[in-house]
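K.L.:
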Amino acid sequence: MAQLTPIEWTDVTWNPVAGCTVATSGCTNCYAMRMAARLESMGMPKYQGLTRKSGGRYVWTGKIVQDERSLSAPLTWRAPRTVFVNSMSDLFHPAVEEDFIFEVWSVMKRTPRHTYQVLTKRSERMREVLSQTRFPVLPNVWVGTSVENDAVLGRIGDLRATPAAVRFISFEPLISSVIKSDLYQIDWAIVGGESGPRARPMREEWVVEIEEMCRESGTAFFFKQWGGRNKKAAGRLLNGRTYDEMPTRTFSASSAPLSV
């Protein structure tokens, strides 16, 4: 129901939803497509039919699975955990029913000992759904969006307009400069290069630009990896050091949605 993960900024992944579709260029080499194909080959029912092979790679078919059985998993974890929600999908994918999103939200509300990280590329739907009164701002839920290049900077405005205790951006895979980003009222920025056999390169100056913007805005900066075909060999040092900053903001009046 949950998996320990090598992702540096979280403890475990929790996937009440599986399956997705390509949204923008950041999805081109999505690791979750390769992982879903691997899990299907291992006979895991939840991942059957989620991908197909095309052009020598596995791609999403568009099938979405809402896994009711996995919803109760966090209730059984006694020790507090930091939980990445839906590493194998997108909670705000248009095919995920709003009532199912509410079920996920209810579980997170019932388990305040855990900290949940919800990351989406569908920032507009996230803003629309979480602005409803039946989705309260939960102090233990961080909401974020992915920004891979300057073509999707509008997601940051959606994020800023979303009611949340903590707002974060994942600049991963970072495939161009995003120097025009506005990090006002953004609590946390994760930066990482693309990894895997078809990884696109990330320039050091793009990373430095974000780190400098974080200093100006008071945003915590987390540098995850350089990426590449061998991400372990490339490492995660920037300026000769690691950056493992985490957000410190807690629920307050400023958690209300902000004007774009």
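Convert by adding 1 to the 1-based position in the sequence shown; the result is the number in this note's numbering. Glycine included, every Cβ here is placed at the ideal spot set by N, Cα and C. Note that this is a predicted model, so its numbers are computed, not measured.
#1: Ignore the nearest five residues each way along the sequence and tell me which others in residue 48's own chain have a CB closer than 7 Å to its CB.
#2: Quick one: what's got a C-beta closer than 7 Å to residue 128's C-beta in the same chain, skipping five residues either side?
#3: Check whether the Cβ atoms of residue 21 and residue 90 sit closer than 8 Å, and answer yes or no.
#4: Count Cβ pairs between the segment 137-152 and the segment 163-174 that sit closer than 8 Å; are there 3 or more?
#5: Go through the segment 84-128 residue by residue and report every complete run of the beta strand (DSSP E) that reaches 3 residues or more, in order.
#6: Could you tell me if residue 103 is buried or exposed, where buried requires 16 or more neighbouring beta carbons within 10 angstroms of its beta carbon?
#7: Residues in the same chain with beta-carbon distance under 6 Å from residue 153, minus the five sequence neighbours each way, listed in chain order, please.
#8: Expressed to the nearest angstrom, what Euclidean distance is found between the alpha-carbon atoms of residue 121 and residue 236?
#9: For residue 260, collect the residues of the same chain with a Cβ closer than 6 Å to its Cβ; drop the 5 residues on either side in sequence, then sort them by chain order.
#10: What did DSSP end up calling residue 5 once you bin it into helix, strand or coil?
#11: Comparing alpha-carbon positions, which option in 95, 64, 59, 148 lies nearest residue 195?
#12: With residue 32 as the anchor, note down where its alpha helix (DSSP H) starts and where it stops.
#13: Near residue 214, what residues of its chain come up, given a Cβ to Cβ distance below 7 Å and the 5 sequence neighbours on each side ignored?
#14: Considering Cα atoms alone, identify which of 31, 88, 133, 174 is closest to residue 60.
#15: Please report the Cβ distance between residue 229 and residue 190, rounded to the nearest whole angstrom; I am assuming they are in contact, meaning their Cβ atoms lie under 8 Å.
#16: Tell me whether residue 64 sits in a helix, a strand or coil according to DSSP, three-state version.
P.N.:
Quick look at the numbers:
#1: The residue you call residue 48 lines up with position 47 of the sequence shown. Excluding positions up to five away in sequence, the list reads 19, 37, 40, 41.
#2: Residue numbering aside, residue 128 sits at position 127 when the sequence shown is read from its first letter. Excluding five sequence positions before and after residue 128, the CB atoms of its chain that fall closer than 7 Å to its own CB belong to 159, 162, 163, given in chain order.
#3: Within the sequence shown, the letter at position 20 stands for residue 21. Within the sequence shown, the letter at position 89 stands for residue 90. Their beta carbons are under 8 Å apart, which means residue 21 touches residue 90 by this criterion.
#4: Judged by pairs of C-beta atoms under 8 Å, the segment 137-152 touches the segment 163-174, as three or more such pairs exist.
#5: If we require 3 residues or more, the beta strand (DSSP E) runs fully inside the segment 84-128 come out as 116-121.
#6: Position 102 of the sequence shown holds residue 103. With a 10 Å radius around the Cβ and a threshold of 16 neighbouring Cβ atoms, residue 103 comes out exposed.
#7: Numbered from 1 along the sequence shown, position 152 holds the residue referred to as residue 153. Taken in chain order, the residues that qualify are 25.
#8: Your numbering for residue 121 matches position 120 in the sequence shown. Your numbering for residue 236 matches position 235 in the sequence shown. Looking at the two C-alpha atoms, the distance is approximately 26 Å.
#9: As a working note, residue 260 is residue 259 in the sequence shown. The predicted model places residue 260 with a pLDDT of 42, which falls under 50 and marks its position as unreliable; any figure quoted below should be read in that light. Counting only Cβ-Cβ distances below 6 Å, and skipping sequence neighbours, we find nothing.
#10: Indexing the sequence shown from 1 puts residue 5 at position 4. Note: residue 5 maps to strand in three-state DSSP.
#11: Taking the sequence shown and counting its residues from 1, the one referred to as residue 195 is at position 194. When only C-alpha atoms are compared, the closest one is 148.
#12: Along the sequence shown, one-based indexing puts residue 32 at 31. First-last of the alpha helix (DSSP H) with residue 32: 32-42.
#13: Here the question's residue 214 lines up with position 213 in the sequence shown. Hits under 7 Å: 182, 184.
#14: If you number the sequence shown from 1, residue 60 lands on position 59. With distances taken between Cα atoms, residue 60 lies closest to 31.
#15: Sequence index remark: in the sequence shown, residue 229 carries index 228 (1-based). Sequence index remark: in the sequence shown, residue 190 carries index 189 (1-based). Going by Cβ atoms, the distance from residue 229 to residue 190 rounds to 21 Å, so no, they are not a contact pair.
#16: Along the sequence shown, read from residue 1 onward, the residue named residue 64 stands at position 63. Residue 64 carries a coil assignment under DSSP once its states are collapsed to helix, strand and coil.
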